[in-house]
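Take the sequence shown: its position 254, counting from 1, is numbered 254 in UniProt numbering, and each next residue is one higher.
Cβ atoms here follow ideal geometry from the backbone N, Cα and C, with glycine treated the same way.
These numbers come from a predicted model, not from an experiment.
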Amino acid sequence: MSTFMLKSKSVGFTPVNNVFIEKYMPQARGEFIKTYLLMLKHNVCGELGVSSSILASSLNLLESDIMNALNYWNEQGVIKLTQIDKMGNFNVEFLELSEEPSIPVKQVDLLEALDSNSTKDMLKDIEVLLARPLSPNEMSIYLGWQRDFGFSSELILILIEYCISKGKSDSRYIEKVALSWHDLKITTVEQAQNLIKKTEDKWINIRKILTYLGINNTDIMKPQQDLIEKWLLIYKFPTEIISKACDICFERLNRADFKYIDGILTNWNKNNIRTLEDIVTKDVKTTKSPRNSNYQKSYNNSNEKNSLKFNNFEPREYDYDSLEKKLLGWDNDD
1 MSTFMLKSKS
11 VGFTPVNNVF
21 IEKYMPQARG
31 EFIKTYLLML
41 KHNVCGELGV
51 SSSILASSLN
61 LLESDIMNAL
71 NYWNEQGVIK
81 LTQIDKMGNF
91 NVEFLELSEE
101 PSIPVKQVDL
111 LEALDSNSTK
121 DMLKDIEVLL
131 ARPLSPNEMS
141 IYLGWQRDFG
151 FSSELILILI
161 EYCISKGKSD
171 SRYIEKVALS
181 WHDLKITTVE
191 QAQNLIKKTE
201 DKWINIRKIL
211 TYLGINNTDI
221 MKPQQDLIEK
231 WLLIYKFPTE
241 IISKACDICF
251 ERLNRADFKY
261 IDGILTNWNK
271 NNIRTLEDIV
281 TKDVKTTKSP
291 RNSNYQKSYN
301 NSNEKNSLKF
311 NNFEPREYDY
321 DSLEKKLLGW
331 DNDD
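Structure, rendered in structure tokens:
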């Protein structure tokens, strides 16, 4: 029996799934994409592991940026990030990427549908909004919403216009919004307008908080968005209270930390602190608490003892005129 030893050789390139390029890359932040590609390169090369400091140094990023990127891709289902221990070590597994099935739509007879002037007008208006011609598949999808979801032409136009206003004009995003509206049982223009207003009001407050924290990019990670929504929608804190919690975080940590801010606001919510006056009252009570009073009393007693010890010391008496003469040599009469 013979044994054949093979010498492996690096292929010199990193294969990237087209699904990642077409589906996940357009919506991701630049540093997230760079982190994914570099991690993929280390994985393809068969390396056992790589530290966050090496990744950060290679990409000219912070280690926290690396962690944010990996958390983002984990939430997107691109990788599986599993914590190994409490020392900050993780297993990273690159998952198989596949196209998500589109919203199921029965085949529409386009020739028959296009005989209707209202249908042709709606499709033309959509093309104007998207600034491009529609494919037959897209036409079938939009017409299918009318039949399967009960969407009117006006509702479909509002939906697409809303997506475009958010900078999202790709068909996959528009389909996801349509499916969410269907799940929420949105069937009228009035219901859609109320939903859009509610969503926009929420995002106005979210952007205020992000701006206050010095974060200009509104494409925040899902965990951070969930925290801000909890502060606004569950705790129902006004933005001025959230800003105050941010101020305290900055004063204590000299940086923005969402978990630290969440801890402050959770404590305030638990203690029914709802206004700036409540915060001031709480601070006054904390200052006058028995613990602080005992500390101050102990501090004063300690100072008194030290003062008494010093006062009990008997200073020596010196004849300064005699000392001056000795220093100048005037003490000799000859």
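- Message: Could you check whether the region 83-97 touches the region 115-124, counting it as contact only if at least three pairs of C-beta atoms, one from each stretch, sit closer than 8 angstroms?
- Response: no
- Item | Validate contact between the region 124-135 and the region 47-61 using beta carbons, cut 8 angstroms, 3 pairs | No, the region 124-135 is not in contact with the region 47-61.
- What runs of the beta strand (DSSP E), each 3 residues or longer, lie entirely inside the region 33-90? 79-83
- Taking 8 angstroms as the cut-off, decide whether the C-beta atoms of I209 and I228 are in contact. Yes; because the gap between Cβ atoms is below 8 angstroms, this pair is in contact.
- Message: What would DSSP say about V92, mapped onto helix, strand or coil?
- Response: strand
- May I ask you to report which of helix, strand or coil DSSP gives F258? helix
- Reduced DSSP secondary structure (H/G/I, E/B, other) of L130: helix
- Report buried or exposed for Q83, applying the criterion of at least 16 other Cβ atoms within 10 angstroms of its Cβ. exposed
- Message: Quick check: what's the CA-CA separation for L265 versus G214?
- Response: 19 angstroms
- Beta carbon of L157, beta carbon of A178: below 8 angstroms? no
- Query: Are the beta-carbon atoms belonging to N74 and L81 less than 8 angstroms from one another?
  - Reply: yes
- Query: Which residues in the same chain as W268 place their Cβ atom closer than 6 angstroms to its Cβ, once the five residues preceding and following it in sequence are excluded?
  - Reply: Closer than 6 angstroms at the Cβ level, and outside the excluded window around W268, lies no residue.
- Classification of I141 by the beta-carbon crowding that lies within 10 angstroms, buried from 16 upward: buried
- Message: Our contact map puts K282 next to I273 with C-beta atoms below 8 angstroms; I'd like the distance itself, whole angstroms only.
- Response: 6 angstroms
- Message: Let's see if you can read the secondary structure: which residues bound the alpha helix (DSSP H) around N216?
- Response: Note, N216: premise wrong, no alpha helix (DSSP H); not H, not E.
- What are the boundary residues of the alpha helix (DSSP H) that includes T239? T239 to L253
- Message: Let me make sure I understand the geometry here. Which of E251, D226 and K166 has the alpha-carbon closest to that of Q27?
- Response: K166
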